[in-house]
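**Student:** Below is one structure. I have some questions about it.
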Amino acid sequence: METNIYNKLIYLVRILNSKRTMRKIIGALSIVVLMGACKEKKEAVTEKEVELVETPIVNDWVSLTNATDWRGYNKEELPDNWSIKDGIIECFGKAGDVGGDVISTKTYDNFELVFEWKISKVGNSGVFYHVVEDTIYHSPYQTGPEYQVLDDDGYPDIDDSQYAGANYQMHIANDKKELKAVGEWNTSKIIFNNGHTEHWLNGEKIVEFNKYSDDWKERRNSGKWNDYPDYGKTNDGYLALQDHGAGVWYRNVKIKDL
């Protein structure tokens with residue numbers, strides 16, 4: 011009897027030892043599995059983090075409504091015929107047609123520019139791009155294309171290519187154009203992308219052309235611009251706002267590179 015009891019005890023001990031061993035094995039395997047999962051998760055997070063870091067931030071809008079964003083053409087400072095305060099760029103119209111324009115402090119090639127503007131009665135102004143700055147020129151219009159800003163009703167006897175929204179002396183606005191009354195804010199946009207150019211006014215595309223086309227070259231080499239050999243020759247330059255002797259206001263001026 012004692013021998014049987016002793017054998018049974020030995021058998022139970024062996025079973026318990028076997029279970030402890032299995033538990034140890036299972037525990038070890040669980041740790042390995044968990045470590046592998048954590049490693050995979052960490053690697054996945056790391057790859058995602060690297061991807062986020064390496065992805066460049068592009069097409070950010072940049073505001074151009076601070077005094078540090080503009081200066082006089084062929085000048086180092088903002089002239090006294092302009093004021094920039096609380097996001098409003100105001101022209102007092104004191105300089106006339108020549109000598110009072112301002113340009114951006116940076117140059118742009120392919121871009122999208124948005125801005126709001128309002129004009130005084132019988133007012134005239136413009137927004138230029140790809141302007142070349144040099145003392146051999148007295149004004150931005152000698153080199154840069156112009157988005158015309160105008161009181162259309164105040165100028166009843168001018169060429170169609172001189173009215174608001176037109177590519178001045180080059181392309182007229184189409185029949186989608188709707189201009190706000192004098193003293194009200196208009197919303198405009200200029201897009202230039204490798205020669206493809208668009209003028210927008212109050213939500214409608216009113217001018218579209220290709221600067222590299224034969225049609226553009228023919229227009230450029232005739233009429234007014236035949237007397238300005240450097241007009242439109244570059245595809246990189248300053249923005250400019252024109253003082254044409256009248257009160258004009260700009261706000262929410264923003265640009266992004268394309």
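Counting in this note's numbering, the sequence shown runs without a single skipped number right up to 268 at its last residue.
For each residue, glycine too, the CB sits at the ideal point set by N, CA and C.
1) Closest to Tyr165 by CA distance: which of Ser130, Lys95 and Val137 is it?
2) Going by C-alpha to C-alpha distance, which of Asn196, His181, Tyr118 and Lys128 sits closest to Leu268?
3) When DSSP builds the beta bridges, which residues end up paired with Phe138?
4) I need the boundaries of the beta strand (DSSP E) containing Asp3, first residue and last residue.
5) Output needed for Val132: all residues of its chain with C-beta closer than 6 Å, excluding positions within five of it in sequence on either side, in chain order.
6) Report buried or exposed for Thr56, applying the criterion of at least 16 other Cβ atoms within 10 angstroms of its Cβ.
7) Kindly indicate which three-state DSSP category Gly103 falls into: helix, strand or coil?
8) Can you give me the C-alpha to C-alpha distance between Leu249 and Lys264, rounded to a whole angstrom?
9) Just to confirm before moving on: does the CB-CB distance between Tyr178 and Gly136 stay below 8 Å?
10) Check each candidate in Ala183, Thr153, Asn212 and Glu208 and name the one with the smallest Cα separation from Thr197.
11) I need the boundaries of the alpha helix (DSSP H) containing Lys227, first residue and last residue.
12) Is Asn245 helix, strand or coil when you go by DSSP?
13) Assuming Asp107 contacts Gly255 (C-beta within less than 8 Å), just tell me the rounded distance between them.
14) Tell me, which residues are paired with Val124 by DSSP?
15) If we count Cβ pairs, one from each stretch, closer than 8 Å, do we get three or more for the region 111-128 versus the region 140-157?
16) Going along the chain, which residues of its own chain have a beta-carbon closer than 6 Å to the beta-carbon of Glu208, five neighbours each way excluded?
**Tutor:** The short version:
1) Ser130
2) Tyr118
3) Glu156 and Ala250
4) Only positions 11 to 268 of the chain appear in this structure, which leaves residue 3 out of reach.
5) Asp161 and Gly164
6) Low confidence applies here, because Thr56 scores a pLDDT of 41, under 50, leaving its location unreliable; read the following figure in that light. Thr56 comes out exposed.
7) coil
8) 12 Å
9) yes
10) Asn212
11) Asp224 to Arg230
12) coil
13) 6 Å
14) Lys199 and Lys264
15) yes
16) Ile201, Lys215 and Glu218
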